[in-house]
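S.K.:
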Amino acid sequence: MLDDQQLIEELRARLRQQAAGLEPPDRLLTDLERRHVRRIRHTRLMAVAASAIVMAAVTTLSVMAGGKVARQAPAEPASTTVTSALTPTPSSAPQTPQTAEQLLQRAREALVGSEDLVVHVRCQTRTVYGVMRLDLEGWVLESAGRSRVLFYSGTDTPQADTVYTRSPGGSTTTESLDLTQRTVATVESPSAPYPLIAGISLIGDPRVLLTGISYTTDGLEDLNGRPSFRLSGPEGSHLRVWLDAETYQLVRVLTSANDIAYEWLPRNPEHLALLEHKVPADFKRR
Amino acid sequence: MGLLGGHGSGGSPFDASFERFVKGRSTALLRLAYLLTGDRGHAEDLVQTTLLRTARRWPAAQEQPEAFARRVLVNLSRDRWRQLRRRIAEDLTADPEAVAGVVGDPADRALDRQALMLALRQLPRRQRETVVLRFFADLSVAETAAALGCSQGAVKAYTNRALARLREVLEGSLPIEVQRAR
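Taken in sequence, the protein lines are chains E and A. Using the working numbering, the letters of the first sequence map in sequence onto residues 1 to 286. Using the working numbering, the letters of the second sequence map in sequence onto residues 1 to 182.
1) Which complete beta strand (DSSP E) runs does the stretch 201-243 of chain E hold, if anything under 3 residues is left out?
2) Going by DSSP, which residues form a beta bridge with residue 176 of chain E?
3) Determine contact between the stretch 269-280 of chain E and the stretch 35-42 of chain A, defined as no fewer than three beta-carbon pairs at a distance below 8 Å.
4) Can a CB atom of chain E be found closer than 8 Å to the CB of residue 144 of chain A?
5) Who are residue 132 of chain E's beta bridge partners in DSSP?
6) Got a sec? Which residues, its chain only, sit under 8 Å from residue 73 of chain A by beta carbon, not counting five neighbours each side?
7) Run the CB neighbour count on residue 151 of chain A, radius 10 Å, all protein chains shown included, and call it buried at 16 or more, exposed below.
8) Applying the criterion that 16 or more other CB atoms from any shown protein chain within 10 Å of the CB defines a buried residue, is residue 79 of chain A buried or exposed?
9) Give the C-beta separation of residue 165 of chain E and residue 149 of chain E to the nearest angstrom, bearing in mind that I take them to be a contact with Cβ-Cβ under 8 Å.
10) Please decide whether residue 158 of chain A counts as near chain E, where near means a Cβ-Cβ distance under 8 Å.
11) To the nearest angstrom, report how far apart residue 186 of chain E and residue 173 of chain E are at their CA atoms.
12) Check whether the Cβ of residue 38 of chain E lies closer than 8 Å to any Cβ atom in chain B.
13) Quick check on residue 262 of chain E: does DSSP put it in helix, strand or coil?
14) Confirm, please, whether the CB-CB distance from residue 261 of chain E to residue 122 of chain E is below 8 Å.
15) Would residue 50 of chain A pass as an interface residue toward chain E - the criterion being a Cβ-Cβ separation below 8 Å?
16) State the DSSP-derived secondary structure class of residue 166 of chain A, mapped to helix, strand or coil.
17) Please return the same chain residues whose Cβ sits closer than 6 Å to the Cβ of residue 139 of chain E, not counting the five positions on each side in sequence.
18) Got a sec, what are the start and stop residues for the alpha helix (DSSP H) residue 251 of chain E sits in?
19) Output the distance between the C-alpha atoms of residue 11 of chain E and residue 167 of chain A, rounded to the nearest integer angstrom.
20) Secondary structure at residue 147 of chain E, three-state DSSP: helix, strand or coil?
21) Please determine, among E:152, E:114, E:244, the residue with the shortest C-alpha to C-alpha distance to residue 196 of chain E.
22) Which residue comes first and which comes last in the alpha helix (DSSP H) that contains residue 271 of chain E?
23) For residue 228 of chain E, count neighbouring C-beta atoms within 10 Å of its own C-beta (all shown protein chains included) and say buried if the count is 16 or more, exposed if not.
24) Can you list the residues of chain E that residue 19 of chain A reaches, using a CB-CB cut of under 7 Å?
25) For a contact meaning CB atoms closer than 7 Å, what does residue 269 of chain E contact in chain A?
26) In whole angstroms, what separates the C-alpha of residue 245 of chain E from that of residue 207 of chain E?
27) By how many angstroms is the C-alpha of residue 127 of chain A removed from the C-alpha of residue 182 of chain E?
28) Report the residue from A:158, A:15, A:41, A:53 whose alpha carbon sits nearest the alpha carbon of residue 124 of chain A.
29) On a CA-only basis, which of E:267, E:112, E:255 is nearest residue 125 of chain E? Give me that one, please.
30) For residue 285 of chain E and residue 104 of chain E, what's the separation of their Cα atoms in angstroms?
31) Just grab the DSSP bridge partners of residue 285 of chain E for me.
32) Just to confirm the assignment, what range does the alpha helix (DSSP H) spanning residue 17 of chain A have?
33) Alpha carbon to alpha carbon, how far is residue 23 of chain E from residue 259 of chain E?
34) Examine the ligand MG and report whether any of its heavy atoms sits within less than 7 Å of the Cβ of residue 168 of chain A.
35) Taking the alpha helix (DSSP H) that residue 15 of chain E belongs to, which residues open and close that run?
36) Check residue 104 of chain E in the structure and name its three-state DSSP category.
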C-alpha cells in the first residue's frame, strides 16, 4: 500500500502524463481577436434589438391607452424581396415576392400559433477547430408545459436525459437521468419567466431573433427536401435563419457558434411519447 | 495600458503584455482545463473564453494574470458542468512514446489513463478541482483556496477525501512488482 506522499507523487505523475502533449493551436491569438471583434458586433446588434423591443412595448402601451398606432419601421430598412435564384421554385412554394419584414411577420405569427405542436430542436456547437458537435437535442410542447432534453456534450450517445414539467402553480419539476452514472434526481424549483423552448435552444428564445433585427432575403433554398426562405442578418454577422416556405415556421438558425434545427411535429401519441422517459429500475436515486 | 491599447503585434486589439501572457501560459491553462473537464474540445472552448474575459479585465488582471485566469477558468468549468451535465473522458490518442518517461505496454497505459480520468470525473466537483490545482498545477493550499473561493481548511478536507477515493484507482493499476518495491 502506498503511503500518502507516494500516492501524491503517483497522482502528480499520472496527471502530467494525462495532459502531456496538449497544446493550444498556433492561431490562438488570431482566434481571440476574431471572437473579440464578433462580440463587439453582437453587442451592437443586441442593442438594436433591445431598442426595437422597447419601441414595440411603448407602442403596445399606447394602443392600450387608446392611442393610434403608427406602423413601426425597422431600425434599418428591410431591403430585397425574395428571389428564387438559388433553386427552382417547387410548385407548393409561394410565388409572390415577399419582403424580409413580411416573412418575419409571418414567422412570428407561426410561432404564436405553434404552442400546441411538439417542437424538435437539435443544437450543434462549433468547436474552436470549426467542427460541429451535437450538444443537445430536445422536444417541447409549450401548451402542456413539458419538455425533454438529451445532453450529448459532443459525444455520440446522450450523457443525460432530463424532463421538465411546469405546473400551473408556477413551479417546474426537473427529473434528470445521468446515463453514465446511472442515477436519477428530481428537483422542484420556480418556473423560469421564459418559454420552455428558450431553455433547450442554445440561442434562447427564438422570438428574439424574429424581432428588431434587420435581415435581407437570400431566396428560396432546399432544406431537407422542403423549400425554405433563407434570410441573412446584418452585414458582418454570421446570422442566418431559414423559414419553411409553406408554414413560415422557423426551421434553422445558424450563427458563428451554433447550428440549430427546428422541426414542428403534430401533437399525437407518437410525438407525445418523445416528451417522456422511463427511469430504469437499476438507477440509484440521488 | 488598457485592453484596447492596440500596442499588440500587427494591429491586434490586445495589449502587448496580454499577448505575452497568452503565448507563455495558454498551454498550462489548456492542460488545466482538460483535467477539469475531461473533454479536449470543451477545454479549448473554455480556455478561449477565459482568455477573452481576462483580456477584457486586463488592467485589473495584469498584476497577477495567471491567478486571475485560473479563477475565471474554474468558474467557467463549473458553469459548463451545470449546463451540460456531464463530460466523458476523452481517450488520449497521443503516441505513448511522445510521453516522456513512460514505460510499459501501450494498451495498459491507455487503460490507466482512462481509469484515472473516470475516477476524476466521479469525484465531487470541489474535490476534483482541488486535486487538479494542487497536484497538477502545484498550487499551495492558500493559492488553491483563492482559486476555488473557499477556506484553506476546506481545501485540506477536499484533498484528503479525494486522495482516499483515488487511492484505490492508483494502487490498483500499478504493476504488482512496483507495489511490492514500494
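All C-beta atoms in this analysis are idealised placements derived from N, C-alpha and C, irrespective of residue type, glycine included.
M.R.: Looking at the atomic coordinates:
1) Secondary structure in the stretch 201-243 of chain E: the beta strand (DSSP E) runs of 3 residues or longer, each lying completely within the stretch, are 216-223, 226-232 in chain order.
2) The count along the first sequence starts at 1 and reaches residue 176 of chain E at position 176. Among the bridge pairs identified by DSSP, residue 176 of chain E is matched with E:162, E:185.
3) Between the stretch 269-280 of chain E and the stretch 35-42 of chain A, the count of Cβ pairs shorter than 8 Å is below three; the stretches do not touch.
4) Here residue 144 of chain A corresponds to residue number 144 of the second sequence, with the count starting at 1. Any Cβ of chain E closer than 8 Å to the Cβ of residue 144 of chain A would place that residue at the interface, and such an atom is absent.
5) The count along the first sequence starts at 1 and reaches residue 132 of chain E at position 132. Residue pairing from DSSP places residue 132 of chain E in a beta bridge opposite E:126.
6) Locating residue 73 of chain A in the second sequence gives position 73, counting from the first residue. Result list for residue 73 of chain A: 29, 32, 33, 36, 46, 47, 50, in chain order.
7) Against the second sequence, residue 151 of chain A aligns to sequence position 151. Answer is exposed; the Cβ neighbour count stays below 16.
8) By 1-based counting over the second sequence, the position of residue 79 of chain A is 79. Exposed, because fewer than 16 other Cβ atoms sit within 10 Å of the Cβ of residue 79 of chain A.
9) Walking along the first sequence from the start, residue 165 of chain E turns up at place 165. Walking along the first sequence from the start, residue 149 of chain E turns up at place 149. Their Cβ separation, rounded to whole angstroms, is 12 Å, which puts residue 165 of chain E and residue 149 of chain E out of contact at 8 Å.
10) To locate residue 158 of chain A, count along the second sequence from 1; it is residue 158. Among the CB atoms of chain E, none fall inside 8 Å of the CB of residue 158 of chain A.
11) Counting from one through the first sequence, the residue named residue 186 of chain E turns up at place 186. Counting from one through the first sequence, the residue named residue 173 of chain E turns up at place 173. The straight-line gap separating the alpha-carbon atoms of residue 186 of chain E and residue 173 of chain E is approximately 7 Å.
12) Absence of chain B from the displayed structure is noted, the protein chains being E and A.
13) Here the question's residue 262 of chain E lines up with position 262 in the first sequence. Residue 262 of chain E falls in the strand class under three-state DSSP.
14) For this step, residue 122 of chain E is matched to residue 122 along the first sequence. For this step, residue 261 of chain E is matched to residue 261 along the first sequence. Yes, these two residues count as a Cβ contact at 8 Å.
15) Here residue 50 of chain A is taken as the residue at index 50 of the second sequence, counted from 1. Contact with chain E is absent for residue 50 of chain A, since none of that chain's Cβ atoms lies less than 8 Å from the residue's Cβ.
16) For the purposes of this step, residue 166 of chain A is taken as residue 166 along the second sequence, with counting starting at 1. In the structure shown, residue 166 of chain A adopts helical secondary structure according to DSSP, grouped into three states.
17) By 1-based counting over the first sequence, the position of residue 139 of chain E is 139. Hits under 6 Å: 118, 120, 148, 274, 275.
18) As a first step, residue 251 of chain E is located in the first sequence; it is residue number 251 there, counting from the start. For residue 251 of chain E, there is no enclosing alpha helix (DSSP H); the residue is found in the beta strand (DSSP E) stretching over 250-254.
19) Locating residue 11 of chain E in the first sequence gives position 11, counting from the first residue. Locating residue 167 of chain A in the second sequence gives position 167, counting from the first residue. Residue 11 of chain E and residue 167 of chain A: Cα-Cα distance of roughly 9 Å.
20) Reading the first sequence from its first residue, position 147 is the one you call residue 147 of chain E. In this structure, residue 147 of chain E counts as strand in the three-state DSSP scheme.
21) Taking the first residue of the first sequence as position 1, residue 196 of chain E is located at position 196. The shortest Cα separation from residue 196 of chain E among E:152, E:114, E:244 belongs to E:114.
22) Along the first sequence, one-based indexing puts residue 271 of chain E at 271. Following the DSSP letters along the chain, one finds residue 271 of chain E inside the alpha helix (DSSP H) bounded by residues 269-272.
23) Along the first sequence, one-based indexing puts residue 228 of chain E at 228. By the neighbour-count rule (16 or more Cβ atoms within 10 Å), residue 228 of chain E is buried.
24) Residue 19 of chain A sits at position 19 when you count from the first residue of the second sequence. Neighbours of residue 19 of chain A on chain E, chain order: 29.
25) Locating residue 269 of chain E in the first sequence gives position 269, counting from the first residue. Chain A residues near residue 269 of chain E: none, gap ~29 Å exceeds 7 Å.
26) Here residue 245 of chain E corresponds to residue number 245 of the first sequence, with the count starting at 1. Here residue 207 of chain E corresponds to residue number 207 of the first sequence, with the count starting at 1. Rounded to whole angstroms, the separation of the alpha carbons of residue 207 of chain E and residue 245 of chain E is 18 Å.
27) Here residue 182 of chain E corresponds to residue number 182 of the first sequence, with the count starting at 1. Here residue 127 of chain A corresponds to residue number 127 of the second sequence, with the count starting at 1. One C-alpha to the other measures close to 21 Å.
28) The count along the second sequence starts at 1 and reaches residue 124 of chain A at position 124. Of all alpha-carbon atoms in A:158, A:15, A:41, A:53, the one lying nearest the alpha-carbon of residue 124 of chain A is that of A:158.
29) Translated into the one-based positions of the first sequence, residue 125 of chain E becomes position 125. Comparing Cα positions, the closest option is E:255.
30) Counting from one through the first sequence, the residue named residue 285 of chain E turns up at place 285. Counting from one through the first sequence, the residue named residue 104 of chain E turns up at place 104. The C-alpha of residue 104 of chain E is placed about 46 Å away from the C-alpha of residue 285 of chain E.
31) Reading the first sequence from its first residue, position 285 is the one you call residue 285 of chain E. For residue 285 of chain E, which the question treats as bridged, DSSP gives the partners E:184.
32) Counting from 1 along the second sequence, the entry for residue 17 of chain A is found at position 17. Boundaries of the alpha helix (DSSP H) around residue 17 of chain A: 16-37.
33) By 1-based counting over the first sequence, the position of residue 23 of chain E is 23. By 1-based counting over the first sequence, the position of residue 259 of chain E is 259. CA-CA distance, residue 23 of chain E to residue 259 of chain E, rounds to 27 Å.
34) In terms of ligand content, the structure shown is empty, and the ligand MG therefore cannot be addressed.
35) Indexing the first sequence from 1 puts residue 15 of chain E at position 15. Taken as a continuous stretch (DSSP letters only), the alpha helix (DSSP H) holding residue 15 of chain E covers 4-19.
36) On the first sequence, residue 104 of chain E is found 104 positions in, with the first residue counted as 1. In the structure shown, residue 104 of chain E sits in a helix (DSSP, three-state: H, G or I).
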